[in-house]
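Below is one structure, written out as structure tokens; the observations come after it.
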Ligand code: FO1
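In the numbering used here, the protein residues as written are 29 to 336.
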């Protein structure tokens with residue numbers, strides 16, 4: 029079974045962890061969103077790639093949903109003294125990842141090469157690819173102008189009325205090497221239950237990736253991150269509304285309609301099945317709230333059974 033999974037951050041991590049327990053080494057290629065990437069203290073931070081690698085390496089701090097467990101923030105404390113921005117909390121252990129990534133990038137290695145090395149060094153059993161080696165940055169337009177994604181998500185705590193979302197750099201970006209081939213050769217493509225606007229959206233904005241989703245013979249299956257009319261976590265609902273999409277599993281089906289084959293929806297949304305079918309995707313009703321390890325594995329198993 030060759031799976032390709034399009035992944036954002038926290039919403040994807042739980043499902044990837046569940047899938048990892050059921051798949052043999054190397055069965056999955058995870059494509060990570062880099063629209064959230066940011067430069068912090070002169071270091072290149074790739075939050076969603078790190079969340080994927082930390083999760084699959086068994087190192088993620090599960091309470092925060094990002095960064096490493098057993099973390100400390102002593103360096104952050106020292107940076108206050110120097111007047112450095114400290115609203116984006118870089119932990120002492122996490123810093124090693126950013127220092128290493130930044131050095132390798134500065135020596136001319138591509139983000140794909142760096143991510144492959146970090147994943148291997150972190151004990152990840154599957155391939156992890158950035159969506160592109162070229163920079164794509166999600167930006168959010170609020171009442172006071174444009175914000176970088178982390179300024180919106182962390183500094184402003186998403187308490188901003190969103191008027192528009194853009195993916196700066198996307199037109200000039202190309203899919204990471206091997207990405208289109210992986211989608212073409214896959215037995216199935218999964219779109220993780222991540223934010224459709226700010227986690228999956230940037231991936232789809234890279235020219236060539238939507239075409240690959242259209243062209244693959246593999247079934248393309250998404251799990252709705254919206255249950256009962258609201259996002260399971262994060263600002264997905266508000267961002268979908270800002271994009272004019274209904275904040276529901278149907279809105280997800282409509283947003284992904286051109287290339288989506290199957291949509292996994294929660295029991296709570298079973299009544300939406302007929303309208304999802306009318307939107308062109310086959311609805312599969314399941315228990316999608318991953319409240320623990322058992323639920324993660326149960327959903328992962330249900331997905332693999334649906335694809336069998
Ligand atoms: N999220 C927060 O809410 N506050 C933080 O201070 C923060 C720091 C941080 C550092 C490294 C990293 O990889 C992720 C971090 N995140 C933080 C989460 C990050 O904003 C999100 O994981 C993604 O950008 C959205 O999925």
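For each residue, glycine too, the CB sits at the ideal point set by N, CA and C.
Please read these numbers as outputs of a predicted model, since none were measured by experiment.
Our contact map puts residue i next to residue j with C-beta atoms below 8 Å; I'd like the distance itself, whole angstroms only.
i, j, result
"residue 259", "residue 225", "Not quite, the Cβ-Cβ distance comes to about 10 Å (not below 8 Å), so this is no contact."
"residue 151", "residue 86", "7 Å"
"residue 99", "residue 121", "5 Å"
"residue 76", "residue 37", "4 Å"
"residue 216", "residue 247", "5 Å"
"residue 59", "residue 207", "6 Å"
Looking only at its chain, what residues have a beta carbon closer than 8 Å to the beta carbon of residue i, apart from the 5 residues adjacent to it on each side?
i, result
"residue 282", "273, 274 and 307"
"residue 269", "275"
"residue 71", "118, 123, 126, 127, 129 and 130"
Nearest CA to the CA of residue i: which residue from the options?
i, options, result
"residue 163", "64, 185 and 333", "64"
"residue 196", "229, 209, 252 and 51", "229"
"residue 115", "191, 183, 205 and 213", "183"
"residue 241", "103, 212, 253 and 66", "212"
"residue 41", "129, 165 and 220", "220"
"residue 250", "70, 166 and 313", "313"
"residue 297", "286, 309, 257 and 170", "257"
"residue 330", "218, 214 and 108", "218"
"residue 57", "105, 68 and 29", "29"
Give me the DSSP bridge partner(s) of residue i.
i, result
"residue 136", "DSSP lists no partner for residue 136."
"residue 312", "292"
"residue 166", "195"
Can you list, in chain order, the residues of its chain whose CB lies under 6 Å from that of residue i, leaving out five sequence neighbours each side?
i, result
"residue 204", "140, 157, 158, 160 and 161"
"residue 95", "89, 119 and 122"
"residue 232", "238"
"residue 294", "255 and 316"
"residue 138", "161"
Using a Cβ-Cβ cutoff of less than 7 Å, which residues in the same chain neighbour residue i once the five nearest sequence positions on both sides are dropped?
i, result
"residue 324", "42, 43, 45, 46 and 318"
"residue 176", "66, 165 and 167"
Exercise. What residue ranges within the region 215-260 form continuous beta strand (DSSP E) runs of no fewer than 3 residues, ordered along the chain?
Worked result: 216-219 and 248-251
Exercise. What are the start and end residues of each continuous beta strand (DSSP E) run of 3 or more residues lying completely inside the region 40-118, in chain order?
Worked result: 56-60, 66-68 and 71-73
For this session: List in chain order: all unbroken alpha helix (DSSP H) runs of 4+ residues lying wholly within the region 260-286.
Result: 264-270 and 277-284
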